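Residue numbers (this note's numbering), protein chains in the order written: chain A, 143 to 554; chain B, 9 to 218. Working notes, beginning with the structure itself.
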């Protein structure tokens, strides 16, 4: 790495670490998960970015060069299309698969675990996922419904179980899994290459790991919104047991960030925002488990970035319980002055620049909003500039205003 | 017993509500009595939701309770007992967006508040909205969107209605997580509502000629 890039890299990383530790950096950092924008900006259809990894890297390089964020996501937000094709992923629609070629992928809500299957999940989550969730999620893995239960491999259990792997349908499913694995390896190599390339230019990677809140692991991927909301009333004890079971799993996901140069672990909470659960329900089913994940990650030196996409105003009092100077909360809908009041001295906050402003507003609107955010919650550190939700559609001149103005006005 | 049924649904006592409804029907109660009880109960649920006593779990369970009770009644009897709606509403998630939970809550609360709601589902194209408006002649069109791409889909939908000469015949309201009054201006809608109860208030205002 050339010397100048190395200095820039250190400065950018330190800026973020200082903001999280509630110290005053040299200026307000800008870190934002620009999702679709880098590709539209570079003129690369999103579908192409999902299949042609070199094209995706190229587009992300252009974004980084032109806007110079303090840390960058790169092509990780354009999921690999090939393995999704190979496996026949059912709970996603993406460009060319039910959506136009410029569209961001979207999740297909469903009940991927029925209400009657809680006990099965609780008894052996791995086997439940292998034999029920995988076949329901991936067309090519339908044969996994007969996947051998690994817990019964002991002693001579393997003799009865391994034969099942040799059945023709299972061979076919395993072959698809292998092929997807190879395609994923190619994608991961592309991500690693991109990370090395931007590091050489002086930019840290914005993520070192990803995790989920335990309630959402059960709600998003297994029961679906309608399912889990019904369970809060109909089978609260079972739901609590499942969320408890999901907690160490969520911690395990997030620990992949431990030891990274910039150990940010991003968590996107969904079903705990205002309007979803009452405060009593939140305090019983949601927060204690999310707090446990946050504390476990912090204990291992990971910085949890909790990226709230809804309104968290009624949850602020809970959020104030996290270990001070170790956590970064992103807010979409929030009175930021109030957030600063409650979380000042406790957690770094980011976000709240209305994403629609980047599409529907003018550069002057964006500058005005950035100024107000920096004045309100950036004055003594502990704030990172970011939009309210991940950026897909935006006018480039507005994005430029966001970066340029923050760099200039956000100097401490 | 009708009052008990209202109370059971409103208090989210699902099993009790179903038992009571079945007993009422067995005893020869007219479909109208049961459906009136459901409507009354849903008004209470709506009030409690608005007062932040109820949240999604209560809406989901009471909604499903209602469906299960309605299934106990013969379809002809259900139709005969229908009341005149305050207004007719067409609702859908706009093109390119497949999110449906928020829209369903809004549709549910509108239906519970005596509006006739027809749900076109998700990823509804501008041309389909135009065609449906032309055919069904609703009083209100409710557009839902969860993604920022929905801004342009909404704008296109409103523009397509103007081109088809239908814009003046229907009031348009928008909603969804990334929406606000700025977006309402951008897409050219008549109103924006941040949540399901706001949608009900707006629809009432529209129905009253506002």
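For each residue, glycine too, the CB sits at the ideal point set by N, CA and C. This one's a predicted model, so the numbers in the text were calculated from it and none came from an experiment.
What do you reckon, are the CB atoms on residue i and residue j nearer than 8 angstroms?
{"i": "residue 152(B)", "j": "residue 184(B)", "result": "yes"}
{"i": "residue 205(A)", "j": "residue 175(A)", "result": "no"}
{"i": "residue 252(A)", "j": "residue 366(A)", "result": "yes"}
{"i": "residue 165(B)", "j": "residue 137(B)", "result": "yes"}
{"i": "residue 357(A)", "j": "residue 473(A)", "result": "no"}
{"i": "residue 551(A)", "j": "residue 513(A)", "result": "yes"}
{"i": "residue 412(A)", "j": "residue 453(A)", "result": "no"}
{"i": "residue 213(A)", "j": "residue 404(A)", "result": "yes"}
{"i": "residue 114(B)", "j": "residue 371(A)", "result": "no"}
{"i": "residue 541(A)", "j": "residue 497(A)", "result": "no"}
For residue i and chain A, any beta-carbon pair shorter than 8 angstroms?
{"i": "residue 64(B)", "result": "yes"}
{"i": "residue 159(B)", "result": "yes"}
{"i": "residue 100(B)", "result": "no"}
{"i": "residue 189(B)", "result": "no"}
{"i": "residue 200(B)", "result": "no"}
{"i": "residue 210(B)", "result": "no"}
{"i": "residue 20(B)", "result": "yes"}
Please work out which residues of its chain come closer than 7 angstroms, Cβ to Cβ, to residue i, disregarding the five sequence neighbours upstream and downstream, and give them in chain order.
{"i": "residue 24(B)", "result": "16"}
{"i": "residue 359(A)", "result": "388, 391, 392"}
{"i": "residue 477(A)", "result": "455"}
{"i": "residue 406(A)", "result": "348, 349, 350, 399, 445, 447"}
Identify the contact partners of residue i in chain A, using a Cβ-Cβ distance below 8 angstroms as the criterion.
{"i": "residue 180(B)", "result": "Result: empty, since nearest Cβ-Cβ is about 17 angstroms, beyond 8 angstroms."}
{"i": "residue 155(B)", "result": "246, 248, 534"}
{"i": "residue 97(B)", "result": "What residue 97(B) touches in chain A: nothing, since even the nearest Cβ is about 21 angstroms away."}
List the residues of chain B that residue i touches, going by C-beta distances under 9 angstroms, in chain order.
{"i": "residue 251(A)", "result": "106, 107, 108, 109"}
Can you find a CB in chain B that lies within less than 8 angstroms of the CB of residue i?
{"i": "residue 535(A)", "result": "yes"}
{"i": "residue 448(A)", "result": "no"}
{"i": "residue 375(A)", "result": "yes"}
{"i": "residue 426(A)", "result": "no"}
{"i": "residue 335(A)", "result": "no"}
{"i": "residue 510(A)", "result": "no"}
{"i": "residue 211(A)", "result": "no"}
{"i": "residue 501(A)", "result": "yes"}
{"i": "residue 241(A)", "result": "yes"}
{"i": "residue 235(A)", "result": "yes"}
With a threshold of 6 angstroms on Cβ separation, who are the neighbours of residue i within its own chain once the five nearest residues in sequence on each side are excluded?
{"i": "residue 85(B)", "result": "39"}
{"i": "residue 199(B)", "result": "181, 210"}
{"i": "residue 576(A)", "result": "There is no way to answer for residue 576(A), as the model of chain A reaches only from 143 to 554."}
{"i": "residue 270(A)", "result": "262, 263"}
{"i": "residue 380(A)", "result": "260"}
List, in order along the chain, the chain B residues whose C-beta lies closer than 7 angstroms to that of residue i?
{"i": "residue 164(A)", "result": "Within 7 angstroms Cβ-Cβ: nothing; residue 164(A) doesn't reach chain B, min ~29 angstroms."}
{"i": "residue 368(A)", "result": "68"}
{"i": "residue 423(A)", "result": "63, 65"}
Residue i versus chain A: which residues are under 9 angstroms apart at the beta carbon?
{"i": "residue 72(B)", "result": "368, 372"}
{"i": "residue 203(B)", "result": "417"}
Whose Cβ in chain A lies nearer than 7 angstroms to the Cβ of residue i?
{"i": "residue 186(B)", "result": "497, 498, 531"}
{"i": "residue 52(B)", "result": "Here the premise fails: no neighbours, minimum Cβ distance about 16 angstroms."}
List the residues of chain B that residue i touches, going by C-beta distances under 8 angstroms, in chain order.
{"i": "residue 418(A)", "result": "63, 64"}
{"i": "residue 516(A)", "result": "None at all; the shortest Cβ gap to chain B is about 21 angstroms."}
{"i": "residue 452(A)", "result": "185"}
Residues in its own chain within less than 8 angstroms of residue i by CB, not counting five upstream and five downstream?
{"i": "residue 383(A)", "result": "260, 264"}
{"i": "residue 207(A)", "result": "343"}
### Query
Counting Cβ pairs, one atom from each stretch, are 3 or more of them under 8 angstroms apart for the segment 338-345 of chain A and the segment 228-238 of chain A?
no
### Query
Using 8 angstroms as the threshold, is the segment 392-412 of chain A in touch with the segment 342-357 of chain A, meaning 3 or more CB pairs across them?
yes
### Task
Would you check if there are 3 or more beta carbon pairs closer than 8 angstroms linking the segment 298-305 of chain A to the segment 419-428 of chain A?
no
#### Entry: Stretch-stretch touch, CB-based, cutoff 8 angstroms, three pairs: the segment 46-57 of chain B with the segment 203-210 of chain B
yes
### Task
Determine contact between the segment 276-286 of chain A and the segment 308-316 of chain A, defined as no fewer than three beta-carbon pairs at a distance below 8 angstroms.
yes
### Query
Does the segment 146-163 of chain B come close enough to the segment 494-512 of chain A that 3 or more CB-CB pairs lie under 8 angstroms?
yes
### Query
Does the pairing of the segment 26-36 of chain B with the segment 73-87 of chain B give three or more beta-carbon distances under 8 angstroms?
yes
### Query
Is it true that the segment 190-199 of chain A meets the segment 160-169 of chain A, where meeting means three or more beta-carbon pairs spaced less than 8 angstroms apart?
no
### Query
Does the segment 458-475 of chain A come close enough to the segment 425-441 of chain A to have 3 or more Cβ pairs within less than 8 angstroms?
yes
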